[in-house]
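Student:
Residue numbers (my numbering): 8 to 341.
1) Under 8 angstroms, do residue 187 and residue 307 count as touching if we go by C-beta distance?
2) Would you mind reading off the limits of the beta strand (DSSP E) that contains residue 13?
3) So, are the CB atoms of residue 266 and residue 319 less than 8 angstroms apart?
4) Keeping to the same chain, check which residues put their C-beta closer than 6 angstroms to that of residue 147; ignore five residues upstream and five downstream.
5) Look at the alpha carbon of residue 151 and the alpha carbon of residue 55, and state the distance between them as a whole number of angstroms.
6) Using 8 angstroms for Cβ pairs, my map puts residue 117 next to residue 77. What's the rounded Cβ distance?
7) Hey, how far is the Cα of residue 210 from the Cα of residue 194?
8) Given a threshold of 16 other Cβ atoms within 10 Å of its Cβ, counted over all protein chains shown, does residue 143 qualify as buried or as exposed?
9) Hey, residue 130 and residue 87: beta-carbon distance below 8 angstroms or not?
10) Determine the extent of the alpha helix (DSSP H) in which residue 81 is found, giving its start and end residues.
11) Within the same chain, show all residues whose beta-carbon is closer than 8 angstroms to that of residue 29, passing over the 5 residues directly before and after it, in chain order.
12) Please state whether the Cβ-Cβ distance between residue 292 and residue 158 is less than 8 angstroms.
13) Judging by CA-CA distance, which residue of 94, 24, 255, 321 is the nearest neighbour of residue 156?
14) Quick one: grab the DSSP three-state call for residue 94.
15) When the Cα atoms are used, what is the spatial distance from residue 25 to residue 232?
16) Does the distance from the C-beta atom of residue 243 to that of residue 190 stay below 8 angstroms?
17) Among residues of its own chain, excluding the 5 on either side of residue 10, which ones have a beta-carbon nearer than 6 angstroms to its beta-carbon?
18) CA-CA distance, residue 107 and residue 249?
19) For the structure I just gave you, are there three or more beta carbon pairs, one from the segment 270-280 and one from the segment 319-330, closer than 8 angstroms?
20) Taking buried to mean at least 16 other C-beta atoms within 10 Å of its own C-beta, is residue 82 buried or exposed?
21) Can you list the alpha helix (DSSP H) stretches of 4 or more residues lying completely in the segment 262-303, in chain order?
22) So residue 185 is in the beta strand (DSSP E); what residue range does that whole segment cover?
23) Let's see if you can read the secondary structure: which residues bound the alpha helix (DSSP H) around residue 342?
24) Any idea what DSSP makes of residue 133, helix, strand or coil?
25) Do you know how far the Cα of residue 70 is from the Cα of residue 339?
26) Looking at C-beta atoms only, is the number of pairs between the segment 253-262 and the segment 210-220 that lie closer than 8 angstroms three or more?
27) Beta-carbon within less than 7 angstroms of residue 43's beta-carbon, same chain only, minus the 5 sequence neighbours each way: which residues are those?
28) Return the CA-CA distance between residue 236 and residue 135, expressed in angstroms with no decimal places.
29) Would you mind working out which of 92, 98, 37, 315 sits nearest residue 84, comparing C-alpha positions?
30) For residue 341 and residue 170, I'd like the C-alpha separation in whole angstroms.
31) Going by DSSP, what residue range makes up the beta strand (DSSP E) through residue 41?
32) Just the Cα atoms here: how many angstroms apart are residue 286 and residue 153?
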């Protein structure tokens, strides 16, 4: 028996949110997908939902910044998986105000509505960017938080709001902290899709920003399993839990690995537009995922070098399918 009845997923139209919505439906959950209202009547990636999922979830179109719409979407729900957020770091440099409205105020709207409606559980989505450049590795949940971009600062604020509602009002909320998730449907601005799409176009060089920073890449199927394990575990309430592969690799080595898998000898070239301000670049991320295994029974299927390559192969296959890539404008860096 499922621990919750109806589940609200905010940000269900996005990369991780759409995969999560589909997985929940397949596991028998009653899902209400909160998507961003727009004049095109688009449900984002849910427009492309597979046949076994299509028609088996409810859609609520609204805006996470509107407290009344958020409360209306949450009525009758037993739990909330809150993923709606602005995530592009470069965009946060010139439009930080909208990150505060969306990421912090939007989270406050979710928390207030959940408290008023006595929702059984809220899963709030964080990001590994809140840690900034690692002060020690692997990064556990006790690592200091460092806002190195307006985006990461807005997520730190949202995380602390969520935890404050647990401590102040007893709201059953926990903070899930995925490291760098990749896979089908990710934004083409993200590093792995931008490498794949440049190589797919036959380029002899890959335009990148800094190649020395390291990341802990997590395949989207693992991230989704992490969300569901977090939702279903009573031990996640009031906690911050990393979801990461516990494998560190540089951007440059990632690019060379993708090139090898795509049978390309392309060189790496620096694109000045992709370089973050010096003190804003997060130089090192490497997840300690022991807490996830201990508290919620999660560990990655796509672990280590072999796991990363398996996930990259699936991602390459998806991004090199013409019907998928036509949905992207791949020339933009913001």
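C-beta atoms are modelled at their ideal positions from N, C-alpha and C, and glycine is treated no differently.
For clarity, every value in this text was computed on a predicted model and none was experimentally measured.
Tutor: Reading off the structure:
1) Here residue 187 is taken as the residue at index 180 of the chain shown, counted from 1. Here residue 307 is taken as the residue at index 300 of the chain shown, counted from 1. Taking 8 angstroms as the Cβ cut-off, residue 187 and residue 307 do not qualify as a contacting pair.
2) What you label residue 13 is simply residue 6 of the chain shown in a count that begins at 1. Element bounds for residue 13: 13-17.
3) Counting from one through the chain shown, the residue named residue 266 turns up at place 259. Counting from one through the chain shown, the residue named residue 319 turns up at place 312. It is not a contact, given that the beta carbons lie outside the stated cut-off.
4) One-based indexing of the chain shown puts residue 147 at position 140. 295, listed in sequence order.
5) On the chain shown, residue 151 is found 144 positions in, with the first residue counted as 1. On the chain shown, residue 55 is found 48 positions in, with the first residue counted as 1. Each residue's alpha carbon lies about 39 angstroms from the other.
6) Locating residue 117 in the chain shown gives position 110, where the first residue counts as 1. Locating residue 77 in the chain shown gives position 70, where the first residue counts as 1. Correct: roughly 6 angstroms between the Cβ atoms.
7) Within the chain shown, the letter at position 203 stands for residue 210. Within the chain shown, the letter at position 187 stands for residue 194. Their backbone Cα atoms lie some 20 angstroms apart in a straight line.
8) Locating residue 143 in the chain shown gives position 136, where the first residue counts as 1. With fewer than 16 other Cβ atoms within 10 Å, it is exposed.
9) The count along the chain shown starts at 1 and reaches residue 130 at position 123. The count along the chain shown starts at 1 and reaches residue 87 at position 80. Cβ atoms of residue 130 and residue 87: closer than 8 angstroms.
10) The residue labelled residue 81 in the question sits at position 74 within the chain shown. From DSSP, the alpha helix (DSSP H) with residue 81 extends over 74-81.
11) Counted from its first residue, the chain shown places residue 29 at position 22. The answer, listed in chain order, is 56, 57, 60.
12) Taking the first residue of the chain shown as position 1, residue 292 is located at position 285. Taking the first residue of the chain shown as position 1, residue 158 is located at position 151. Cβ atoms of residue 292 and residue 158: not closer than 8 angstroms.
13) On the chain shown, position 149 is the one that residue 156 refers to. The residue with the shortest Cα to Cα distance from residue 156 is 94.
14) For the purposes of this step, residue 94 is identified with residue 87 of the chain shown, where counting begins at 1. Looking at residue 94 - three-state DSSP - the assignment turns out to be coil, as it is neither helix nor strand.
15) Against the chain shown, residue 25 aligns to sequence position 18. Against the chain shown, residue 232 aligns to sequence position 225. Approximately 13 angstroms, taken between the alpha carbons.
16) The residue labelled residue 243 in the question sits at position 236 within the chain shown. The residue labelled residue 190 in the question sits at position 183 within the chain shown. No.
17) Counting from one through the chain shown, the residue named residue 10 turns up at place 3. Excluding positions up to five away in sequence, the list reads 239.
18) Taking the chain shown and counting its residues from 1, the one referred to as residue 107 is at position 100. Taking the chain shown and counting its residues from 1, the one referred to as residue 249 is at position 242. Approximately 23 angstroms, taken between the alpha carbons.
19) Because the criterion of three Cβ pairs below 8 angstroms is not met, the segment 270-280 and the segment 319-330 do not touch.
20) Along the chain shown, one-based indexing puts residue 82 at 75. Classification for residue 82: exposed.
21) 297-303
22) Taking the chain shown and counting its residues from 1, one reaches residue 185 at position 178. It spans 180-185 - the beta strand (DSSP E) in which residue 185 sits, taken as one unbroken run.
23) The structure shown has nothing for residue 342, since the chain only spans 8 to 341.
24) Counting from one through the chain shown, the residue named residue 133 turns up at place 126. DSSP places residue 133 in coil when its eight states are reduced to three.
25) Taking the chain shown and counting its residues from 1, the one referred to as residue 339 is at position 332. Taking the chain shown and counting its residues from 1, the one referred to as residue 70 is at position 63. Any reading at residue 339 is ruled out, since the residue's pLDDT is 47, under 50, leaving its predicted position unreliable.
26) yes
27) In the chain shown, counting from the first residue as 1, residue 43 sits at position 36. For residue 43, where only same-chain residues beyond five positions count, the Cβ hits under 7 angstroms are 20, 70.
28) Within the chain shown, numbered from 1, the residue matching residue 236 stands at position 229. Within the chain shown, numbered from 1, the residue matching residue 135 stands at position 128. When rounded, the distance between both Cα atoms is 19 angstroms.
29) Counted from its first residue, the chain shown places residue 84 at position 77. Per the Cα distances, 37.
30) For the purposes of this step, residue 341 is taken as the residue at position 334 of the chain shown. For the purposes of this step, residue 170 is taken as the residue at position 163 of the chain shown. Here residue 341 scores only 45 on pLDDT, less than 50, and its place in the model should not be relied on; the value that follows carries that caveat. The alpha-carbon atoms of residue 341 and residue 170 are separated by roughly 31 angstroms.
31) Mapped onto the chain shown, residue 41 falls at position 34. From DSSP, the beta strand (DSSP E) with residue 41 extends over 37-43.
32) Here residue 286 refers to the residue found at position 279 of the chain shown. Here residue 153 refers to the residue found at position 146 of the chain shown. Taking the CA atoms as reference points, residue 286 sits about 11 angstroms from residue 153.
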